[in-house]
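In what follows, a structure is listed as structure tokens, so that the remarks can point back to it.
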Amino acid sequence: MIIYSPFFKPVFWIIMGLLYALVIAGAPLWAQDLGLNITWWKWILSALWYGLLSFTFAGGFTLLGEKEPGACDRFIRYHMIIVIVTGAVLGFLIKAV
Amino acid sequence: MKKGLCLTVCFLITGSILPGLADTAFAFDGISRSFLKAGSLLAAVLGIVGISIAGFLAGKSYDSYTGWERFTHGAGQFFNREPFQKDSPTYEKTDQHERLHHVDNLIARIKSFAMLMAPPPGGGEPKWSPDMGVEALPEPLKTYYLKDTAAYSQTLKALQLMQKQKEDWSKWETQFAIADYWSKAFGSLFEAAILYPEDPKGSPEEWDFRFIHRKSPLRFKSPAHASKLIKKITHTFGATLVGVTKLNPDWVYQGHLRGVGTGDYEVPKHWEYAIVFATPHEWDMFYSNAVYGTSFDAYSRERIIGTRLENFIQQLGYPARAHVPPMHYDLITPPIAVDAGLGEQGRMGMLITPELGANARLAVVTTNIPMEVDKPIDFGVKEFCKKCKICAERCVTGAISHADEPNIEFGYKRWRIKCELCFQVWCSMATSEPGRGCRVCLAVCPYSRKNNWLHTLSRHIDSRDPTGISSSMLLWMQKKIFKYPEARDFMPPPEGSNATYHKPPDWLVTEEWFDVDKTW
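These protein sequences, in sequence, are chains A and B. All letters in the first sequence, in the order written, are residues 578 to 674 by our numbering. All letters in the second sequence, in the order written, are residues 48 to 567 by our numbering.
Okay, here's the thing in structure tokens:
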């Protein structure tokens with residue numbers, strides 16, 4: 578399958594790297610326009626939250642790839658609860674502190 | 048590694064350029080600013096989509112089929128065992144430890160029954176039938192079953208089930224044709240006519256030296272050189288995991304020696320070291336145990352490796368004997384693999400390794416090459432098994448102990464397996480012969496996971512956390528996220544539904560490929 582080819586794999590991760598860099602580039606602009614005072618530790622918490630969201634989907638879809646559709650569904654659902662709760666706490670921290 | 052490098056380079060280059068561009072060239076350009084903002088939002092979403100795709104591909108990739116990837120170079124043995132090495136194995140030894148007897152081996156007992164119950168080659172009555180009772184059994188079977196009458200009645204029930212299994216096979220043959228014929232194709236490698244390695248004939252002092260043609264053995268530079276080369280060679284012969292240990296005589300059966308027969312024998316002097324190696328089953332088949340599974344694929348690989356290694360060592364000028372599955376052993380393999388640091392013994396009595404979990408079938412070559420030995424490891428299996436019990440809960444006949452703490456058997460601490468009950472399951476599945484086995488306990492073991500980032504991450508976290516919190520969390524997730532069929536469901540109808548842990552791969556499903564009337 579082409580997707581596993583020695584050419585495609587590094588290209589895929591280069592594209593992913595570019596996407597993440599674009600997120601990093603645009604995030605301060607969003608913060609400025611939304612009038613948010615985001616300090617360094619808020620940026621770190623935000624990055625961790627995005628990492629958690631990514632982990633949720635990456636983990637879930639890994640299980641789907643392993644032919645565990647039920648486990649994929651439950652993995653994403655359980656982790657989304659954590660993502661939503663931590664996201665709400667993070668949102669409060671960013672606005673209030 | 049490559050992924051990390053690509054990501055880091057892209058971060059550094061693009062991450063330093065884009066904000067600069069945003070601040071300078073586009074700072075006063077509202078359209079470009081909006082474009083960058085929209086782009087970053089889209090990138091955040093695409094990042095999630097991309098990582099989901101990466102996860103899906105990681106789960107699906109054949110690169111994650113541990114033990115089948117670049118194993119000839121030892122790439123399957125990727126777990127760094129050094130931080131987990133201990134001076135003694137995790138099974139505990141009491142003062143009353145003793146050497147195992149050949150009659151303690153279930154397969155040996157069943158083989159004896161088969162011989163006793165078959166008509167003699169020249170015709171006539173079989174030597175024994177169930178109605179003659181336990182008293183009429185020859186020694187050492189008689190003493191063994193007089194001590195354990197429950198095991199005797201369980202064996203008789205298994206023999207009845209075996210007969211029913213044979214009669215019922217015609218009901219299932221079309222449905223499970225590919226699985227059964229695939230299994231038999233592997234099994235054909237150890238049919239008596241073409242047995243590799245050949246079963247010993249004569250004493251070990253003759254048989255284990257038969258390929259030696261040199262006047263004196265090739266001397267290794269050091270025991271470390273010997274160990275390193277032998278491991279490398281064993282990998283090239285097809286082994287995924289290899290370890291070396293001094294042979295504990297307690298693991299060598301007394302009362303029988305292949306090539307010589309029944310009797311009392313000392314452990315041969317040249318069985319000083321044990322080279323123990325493991326190979327996995329094909330993973331998709333393994334997850335569709337019991338009814339689509341087989342043990343024979345890994346067994347035949349083990350036999351080929353054993354044949355090659357035995358021959359190679361003897362050509363170097365050293366004696367060697369291969370002890371290979373399914374029943375051509377003079378010793379018991381899991382504790383030897385534990386001694387050699389390949390893994391730990393699990394609740395279900397099988398070896399659990401960091402790389403393959405319980406999907407590891409074993410064989411041993413005994414020799415006297417002076418080698419540097421490996422240390423046993425403790426990566427938390429025993430503690431995990433105390434809490435987990437999934438294998439015990441899914442065992443159809445309850446052959447696996449539910450006890451929190453291991454029992455003491457032969458002077459060693461381990462969870463007791465009721466072998467006869469285990470054998471009853473083999474004789475109950477919708478398979479053509481009991482030898483196809485069950486292996487549900489191996490497939491449902493949380494350690495039996497492929498080598499993708501998610502499971503490897505879990506393995507590393509679990510084994511490095513001395514508090515046991517992460518193992519409890521992982522176990523909780525295991526039980527909540529993964530759903531297993533109920534134990535009875537693994538049985539054929541009417542007791543069960545021929546359930547499998549995973550859906551079988553399409554290449555094992557008859558109706559995918561053949562023009563058959565699907566009546567199931």
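Backbone N, C-alpha and C fix where the C-beta goes; we use that ideal spot for every residue, glycine too.
| Check | Outcome |
| --- | --- |
| Taking three-plus beta-carbon pairs below 8 Å as touching, is the stretch 439-455 of chain B in contact with the stretch 521-541 of chain B? | yes |
| Within 6 Å: the Cβ of V323 (chain B) and any heavy atom of the ligand ADP? | Within the structure as shown, the ligand ADP is missing, as the structure has no ligands at all. |
| Touch check for the stretch 496-503 of chain B and the stretch 249-260 of chain B: three-plus C-beta pairs under 8 Å? | no |
| Quick one: what's V289 (chain B) bridged to in DSSP? | B:F324 |
| Which of helix, strand or coil does DSSP assign to N454 (chain B)? | strand |
| So the candidates are B:G484, B:C485 and B:R506; which of them puts its Cα closest to the Cα of Y494 (chain B)? | B:R506 |
| Since P264 (chain B) and G170 (chain B) are thought to touch, with beta carbons under 8 Å apart, how far apart are those beta carbons, to the nearest angstrom? | Not a contact, Cβ separation roughly 50 Å. |
| Compute the Euclidean distance between the alpha carbons of D556 (chain B) and G484 (chain B), then round it to the nearest angstrom. | According to the sequence as given, residue 556 (chain B) is Val; it is not Asp. Cα to Cα, the separation comes out at about 19 Å. |
| Is it the case that the stretch 382-389 of chain B contacts the stretch 321-329 of chain B, given that we only count it when at least three CB pairs across the two stretches are under 8 Å? | yes |
| Helix, strand or coil, according to DSSP, for R368 (chain B) in the structure here? | strand |
| In whole angstroms, what is the alpha-carbon distance linking T341 (chain B) and L276 (chain B)? | 32 Å |
| Of all the options A:D610, A:A604 and A:L611, which has the alpha carbon lying nearest to the alpha carbon of W617 (chain A)? | A:A604 |
| So is W590 (chain A) buried or exposed if we call it buried at 16+ other beta carbons inside 10 Å? | buried |
| Using a Cβ cut-off of 7 Å, pull out every chain B residue sitting near G647 (chain A), in sequence order please. | K530 |
| Taking C-alpha atoms, which residue in B:R146, B:V371 and B:A197 lies nearest to V181 (chain B)? | B:A197 |
| Check each residue of the stretch 540-553 of chain B: if its Cβ is closer than 7 Å to any Cβ of chain A, include it; give the result in chain order. | H549 and K550 |
| Inspect the CB distances between the stretch 511-521 of chain B and the stretch 544-563 of chain B and report whether three or more fall short of 8 Å. | no |
| To be precise: take each residue of the stretch 586-620 of chain A, compare its Cβ to all Cβ atoms of chain B, and keep it if any distance is under 8 Å. Which residues remain? | K586, P587, F589, W590, I591, I592, M593, G594, L595, L596, Y597, A598, L599, V600, I601, A602, G603, A604, P605, L606, W607 and D610 |
| Can you list, in chain order, the residues of the stretch 633-667 of chain A whose Cβ is nearer than 8 Å to any Cβ on chain B? | F634, A635, G636, G637, F638, T639, L640, L641, G642, E643, K644, E645, G647, A648, R651, F652 and Y655 |
| Do N545 (chain B) and V338 (chain B) count as a contact pair if the criterion is CB distance below 7 Å? | yes |
| Do you know how far the Cα of L629 (chain A) is from the Cα of L376 (chain B)? | It should be noted that the sequence gives Tyr, not Leu, for residue 376 (chain B). Going by the C-alpha atoms only, they are around 50 Å apart. |
| Measuring CB atoms only, is the stretch 486-493 of chain B touching the stretch 397-414 of chain B, in the sense that at least three cross pairs come out at less than 8 Å? | yes |
| Given 8 Å as the limit, is there contact between the stretch 206-216 of chain B and the stretch 470-483 of chain B, that is, 3 or more CB pairs closer than that? | yes |
| Name the DSSP bridge partner or partners of V411 (chain B)? | B:V323 and B:H370 |
| From the DSSP output, in three-state form, read off R355 (chain B) for me. | helix |
| Suppose the cutoff is 6 Å on Cβ atoms and the five residues either side in sequence are ignored; what does the same chain contact list for F233 (chain B) look like? | F343, D344 and S347 |
| Mind checking if N499 (chain B) is an interface residue toward chain A, Cβ cutoff 7 Å exclusive? | yes |
| For K107 (chain B), tell me which candidate among B:V289, B:R394, B:K422 and B:W330 has the shortest Cα-Cα distance. | B:W330 |
| Decide if L625 (chain A) is buried, meaning its Cβ has at least 16 other Cβ atoms within 10 Å, or exposed. | exposed |
| If you measure from the beta carbon of G94 (chain B) to each beta carbon in chain A, is any gap under 7 Å? | yes |
| Which same chain residues, not among the five before or five after D564 (chain B), have their C-beta less than 6 Å away from its C-beta? | none |
| Which chain A residues are close to S79 (chain B), counting only those with a beta carbon under 8 Å from its beta carbon? | Within 8 Å Cβ-Cβ: nothing; S79 (chain B) doesn't reach chain A, min ~10 Å. |
| Tell me, please, whether the CB atom of S631 (chain A) is closer than 7 Å to any CB atom in chain B? | yes |
| Excluding sequence positions up to five away, which residues of its chain have a Cβ less than 6 Å from the Cβ of C469 (chain B)? | A446 |
| Going by C-alpha to C-alpha distance, which of B:H120, B:P168, B:A387 and B:L163 sits closest to A183 (chain B)? | B:L163 |
| Among A:Y597, A:L667, A:L611 and A:P646, which residue has its Cα nearest to the Cα of V96 (chain B)? | A:Y597 |
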